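K.L.:
Residue numbers (my numbering): -13 to 284. A virtual CB, placed ideally from N, CA and C, is assigned to each residue, including glycine. If you're wondering where the values come from, they're calculated on a predicted model, not measured in any experiment.
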Ligand SMILES: [Zn+2]
Ligand SMILES: [Zn+2]
C-alpha cells in the first residue's frame, strides 16, 4: 500500500531535521560556559531557542528566571548551582546576611563606616545584584569578560534588565550610566563588558538617544575614567579605595544636576569603584544615585 503523501513527507522532513540537528550538534556541541562540559540535550536546562523576549521576576523565583534566561549556555548542574542574593540582605549595599532569621536592615559597614559617606552624606542610596559572585555566575562572568564569550552579553544583559525592572523601574531614573573602562583597558580587552550587556535592554531610539518605555534613558558617555588604575584583584578594601580615588569624572554629555542616576557594573566587590563613580555624580549635582550589578561578592 502506498504511503499517504502528507504522512511520508512529514516523516522524511522529520528525518532530515533530526539528521541536520545531529550533524550540527556533533560539529558544534554546546559547551557549558561555567564548567566547560558538553551540554547534552537531555542534561541541558532548556531546549528552547535563546531568549529574545523580555523576562520578568514577577511571579517568578530568581532560580527559575536564571534557568529560563541562561538555560542554553549552562549544563543542568551549573544551572542548579546558581546562588541568588536571598533576603535578608543589607537594604543599602545589598550584602546578604548570614543569619536567615533577621529582617532586612543596614549592615554594620553601612551604619558605621565613613568610607561610604560622600562630602554631603551617603553616595548611592541602594545597590542590588542578580546573584552572588560565586560558582556559576562567577565562572560565567569570567568566560564573558576574559575568554571572549561575547555572546553571553545577550543573556546576561537580559538577566540584568529583569533586576532593573524589579528594583528600579519605579524610581523615575533619568539616566542609566555604565561604569566606564579606561581606554587602555578597552584596547587590551577589545570590548566593554557593561555596554555589551546594556545593548540588549529593550531601548527605543529617538532624537539620537535610547529610551526605555518608562522614559529612562541611556547615558553611555556620562562617566569617564580619567585615571588608569591597576587591577583591583588582590587588593583589600582600603587599597581598592585608594586605587580608584578620583578615577572618574562626569563628562557633561547630558545634564546631571537634580537627576536620578542608576550606575551599572558587572561585579560589586568591595564597592570602592561604585562609591567613587557615585561621588563624581554627586559632585555634579545628581539628586539620587542607585547601583545595579550582575553579581555581588559576599
Ligand atoms: Zn556546567
Ligand atoms: Zn550594607
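From residue 176 to residue 131, what distance separates their C-alpha atoms?
P.N.:
Each residue's alpha carbon lies about 10 Å from the other.
K.L.:
Strictly by DSSP, which residues pair up with residue 87?
P.N.:
None; residue 87 has no bridge partner.
K.L.:
What's the gap between the Cα of residue 244 and the Cα of residue 63?
P.N.:
Answer to the nearest angstrom: the Cα atoms are 47 Å apart.
K.L.:
Who does residue 197 pair with in a DSSP beta bridge?
P.N.:
Partner(s): 190, 203.
K.L.:
Taking only heavy atoms of ligand 4 into account, decide whether any of them is closer than 7 Å to the Cβ of residue 92.
P.N.:
Ligand 4 is absent from the structure shown, which contains only ligand 1 and ligand 2.
K.L.:
Tell me the start and end of each unbroken alpha helix (DSSP H) in the stretch 102 to 182 that is at least 4 residues and wholly inside, in chain order.
P.N.:
For the stretch 102 to 182, whole alpha helix (DSSP H) runs of length 4 or above, ordered along the chain, are 121 to 132, 139 to 154, 169 to 175.
K.L.:
Would you mind working out which of 137, 250, 170 sits nearest residue 206, comparing C-alpha positions?
P.N.:
Comparing Cα positions, the closest option is 250.
K.L.:
Buried or exposed: residue 36, going by 16 or more other Cβ atoms within 10 Å of its Cβ?
P.N.:
Residue confidence is low: residue 36 scores 43 on pLDDT, short of 50, so the model does not pin down where it sits. No coordinate-derived value is stated.
K.L.:
Just reading off the alpha helix (DSSP H) that residue 225 is part of, what are its end residues?
P.N.:
Looking at the DSSP string, the run of the alpha helix (DSSP H) that includes residue 225 is 223 to 230.
K.L.:
Would you kindly work out how many angstroms separate the C-alpha atoms of residue 186 and residue 144, rounded to a whole number?
P.N.:
In a straight line, the C-alpha of residue 186 is about 6 Å away from that of residue 144.
K.L.:
Classify residue 114: buried if its beta carbon has 16 or more other beta carbons within 10 angstroms, exposed otherwise.
P.N.:
The residue in question, residue 114, is buried, as its Cβ has 16 or more Cβ neighbours within 10 Å.
K.L.:
Put residue 259 into one of helix, strand or coil per three-state DSSP.
P.N.:
Residue 259 falls in the helix class under three-state DSSP.
K.L.:
Pick out whichever of 197, 170, 173, 204 has its Cα sitting closest to the Cα of residue 181.
P.N.:
Nearest C-alpha to residue 181: 204.
K.L.:
Could you pull out every residue in the same chain whose Cβ sits closer than 6 Å to the Cβ of residue 329, ignoring the five residues on either side in sequence?
P.N.:
The question about residue 329 has no answer here: the residues shown for the chain are numbered -13 through 284.
K.L.:
Does ligand 1 have a heavy atom nearer than 7 Å to the CB of residue 120?
P.N.:
No; taking the cut-off as 7 Å, the Cβ of residue 120 has no heavy atom of ligand 1 nearer than that.
K.L.:
With DSSP as the reference, identify every bridge partner of residue 276, one or two as the case may be.
P.N.:
In the DSSP output, where bridge partners are listed per residue, residue 276 has 112, 248.
K.L.:
Applying the criterion that 16 or more other CB atoms from any shown protein chain within 10 Å of the CB defines a buried residue, is residue 222 buried or exposed?
P.N.:
When all chains shown are included, residue 222 counts as exposed.
K.L.:
Applying the 10 Å Cβ sphere with the 16-neighbour rule, what's the burial state of residue 147?
P.N.:
By the neighbour-count rule (16 or more Cβ atoms within 10 Å), residue 147 is buried.
K.L.:
When you measure from the CB of residue 18 to every non-hydrogen atom of ligand 1, does any distance come out below 7 Å?
P.N.:
Yes, the Cβ of residue 18 comes within 7 Å of a heavy atom of ligand 1.
K.L.:
On the DSSP letters alone, give me the boundaries of the alpha helix (DSSP H) that residue 54 sits inside.
P.N.:
Element bounds for residue 54: 48 to 56.
K.L.:
Quick one: using the 10 Å Cβ neighbour count with 16 as the cut-off for buried, is residue 75 buried or exposed?
P.N.:
So residue 75 counts as buried.
K.L.:
DSSP beta-bridge partners for residue 75?
P.N.:
In the DSSP output, where bridge partners are listed per residue, residue 75 has 82.
K.L.:
In the DSSP assignment, find the beta strand (DSSP E) that holds residue 211 and state where it starts and stops.
P.N.:
209 to 211 is the span of the beta strand (DSSP E), which, as asked, contains residue 211.
K.L.:
Going by DSSP, which residues form a beta bridge with residue 254?
P.N.:
The partner list for residue 254 (beta bridge, DSSP) reads 282.
K.L.:
Should the stretch 75 to 90 be regarded as contacting the stretch 53 to 61, the criterion being three or more beta carbon pairs within less than 8 Å?
P.N.:
With the cut-off at 8 Å, the stretch 75 to 90 and the stretch 53 to 61 do not touch.
K.L.:
DSSP beta-bridge partners for residue 235?
P.N.:
Note: residue 235 sits in a beta bridge opposite 210.
K.L.:
Below 7 Å CB to CB, which residues in the same chain sit around residue 233 once its five sequence neighbours on both sides are set aside?
P.N.:
Counting only Cβ-Cβ distances below 7 Å, and skipping sequence neighbours, we find 211, 212, 213, 215, 262.
K.L.:
Can you give me the start and stop residues for the alpha helix (DSSP H) that residue 63 sits inside?
P.N.:
Its alpha helix (DSSP H) spans residues 62 to 66.
K.L.:
Once DSSP output is grouped into helix, strand and coil, what is the label at residue 25?
P.N.:
Of the three classes helix, strand and coil, the one that applies to residue 25 here is coil, per DSSP.
K.L.:
Less than 7 Å between the CB of residue 274 and some heavy atom of ligand 1, yes or no?
P.N.:
Incorrect: residue 274 has no Cβ contact closer than 7 Å to ligand 1.
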